[in-house]
Amino acid sequence: MSNTPIEVLVLAAAAFLVAGLVKGVVGMGLPTVSLALLTATLGVKQAIVLVLVPSFVTNLWQALAGNALKEIVVRLWSLLAAAGMGIWFGTALLARADADLVAGFLGLLLCAYSGYSLAAPQIPPPGRRESWLSPLVGATTGAIAGLTGSFVVPGILYLQALGLARDTLIQAMGVVFVVLTLALGISLSDHGLLSAELSAISVAAVAPAVLGLYAGRHIRRRLPEGTFRKVFFSALFVIGLTLVARTFL
């Protein structure tokens with residue numbers, strides 16, 4: 000990393016420190032926040048690579064810290080398998096796509112996700128449709144993740160509709176993020192988008208991410224989670240709107 004501009008290292012460290020802080024407080028958001036901040040400052044293709052290792056490491060403990068791993072895998076295997084195939088398709092598009100247009104599309108996703116979360120409507124459970132909705136949602140989530148690096152739409156919204164217990168839902172999100180991050184890394188490598196320099200920065204970014212995560216847990220004891228969530232989603236909406244405006248206006 001000796002030839003890496005110092006501003007790239009500083010921006011990456013700051014982005015993952017903030018993203019880790021958010022995850023420490025609300026239990027989620029590290030990939031989304033870091034991806035949004037890095038896309039706004041460095042570009043979407045670089046951001047997707049930089050997010051890989053911190054996202055994998057910080058979500059691995061979340062995926063393993065619980066007693067419902069077998070239940071989650073049995074219930075979500077079709078979603079995860081379809082997402083893996085979707086990621087391959089999305090990454091193939093990313094390799095050929097205009098980076099500015101991809102950033103604008105990511106901005107639209109962030110606005111939709113944060114706006115929906117602020118409005119907090121209740122998503123109806125899939126019920127008997129889950130058997131065919133899960134692979135459909137998985138394929139769609141994977142394609143969008145392969146193109147933009149974001150796993151939240153529609154995947155996380157769908158998980159929230161399954162009626163899982165809170166601890167099981169948190170563990171399920173960890174499982175989804177770990178599996179999809181691994182699939183994304185393999186696909187990026189196969190499509191020639193995973194440079195050694197960015198990969199090294201991604202590994203180094205684990206440190207500020209974990210530091211932010213630790214600080215966020217302490218803040219959670221003093222700040223109401225509901226208040227922080229509103230600030231978090233409002234800020235995410237503004238970042239998304241900035242990406243949209245930069246691209247299309």
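Reminder that position 84 of the sequence shown reads as 83 in numbering that gives the first Met the number 0, one-by-one numbering, no gaps.
Glycine residues also receive a C-beta, built at the ideal position from the N, C-alpha and C atoms.
Nearest-angstrom Cα separation, counted from Ala214 out to Ser201:
20 Å
Using a threshold of 8 Å, state whether the C-beta atoms of Gly65 and Gly145 are closer than that.
no
Pairwise C-alpha distance: Ala138 and Ala84
Inspection of the sequence shows that residue 84 is occupied by Met rather than by Ala. Approximately 7 Å between the Cα atoms of the pair.
Indicate whether at least one CB of chain D lies closer than 8 Å to the CB of Pro123.
As a matter of chain content, chain D is missing from the structure shown, which is built from one protein chain.
What's the C-alpha gap between Val73 and Arg245?
42 Å
Pull up the distance between the alpha-carbon of Pro30 and that of Pro124, whole angstroms please.
26 Å
One question on the structure: do Phe55 and Leu181 come within less than 8 Å of each other, judged by their Cβ atoms?
yes
Contacts around Val7, its chain only, beta-carbon distance under 6 Å, and the 5 residues preceding and following it disregarded
none
Would you tell me roughly how many angstroms separate the C-alpha atoms of Glu224 and Phe236, rounded to the nearest one?
18 Å
According to DSSP, is His217 helix, strand or coil?
helix
Whole alpha helix (DSSP H) runs in the region 133-172 with 4 or more residues, listed along the chain?
156-159
Alpha helix (DSSP H) segment containing Arg127, residue limits
It is not in any alpha helix (DSSP H) - Arg127 carries neither H nor E in the DSSP assignment.
Do you know how far the Cα of Leu10 is from the Cα of Thr40?
8 Å
For Pro30, the three-state DSSP class (helix, strand or coil):
helix
Closest by C-alpha distance to Gly26, when choosing among Leu242, Ala234 and Phe227:
Phe227
What's the gap between the Cα of Lys229 and the Cα of Gly114?
10 Å
In this structure, does DSSP put Leu36 in helix, strand or coil?
helix
Using alpha carbons as the reference points, say which of Gly19, Phe15, Val17 and Gly23 lies closest to Tyr221.
Note that residue 221 is Arg in the sequence shown, not Tyr. Among Gly19, Phe15, Val17 and Gly23, the Cα nearest to that of Arg221 is on Gly23.
Does the distance from the C-beta atom of Pro153 to that of Val136 stay below 8 Å?
yes
Nearest-angstrom Cα separation, counted from Ser149 out to Ala204:
18 Å
How big is the Cα-Cα spacing for Ser1 and Ala195?
With a pLDDT of 48 at Ser1, under the threshold of 50, the modelled position of that residue is not reliable, and the figure given next carries that caveat. Rounded to whole angstroms, Ser1 to Ala195 spans 12 Å at the Cα level.
Over what stretch of residues does the alpha helix (DSSP H) that includes Gln61 continue unbroken?
Val43 to Leu63
On a Cα-Cα basis, can you pick out the residue from Ala98, Ile47, Leu16 and Leu105 that is closest to Gly184?
Ile47
Sequence-distant residues of its chain with Cβ nearer than 8 Å to Gly103 (five each side left out):
Leu242, Val243, Arg245, Thr246 and Phe247
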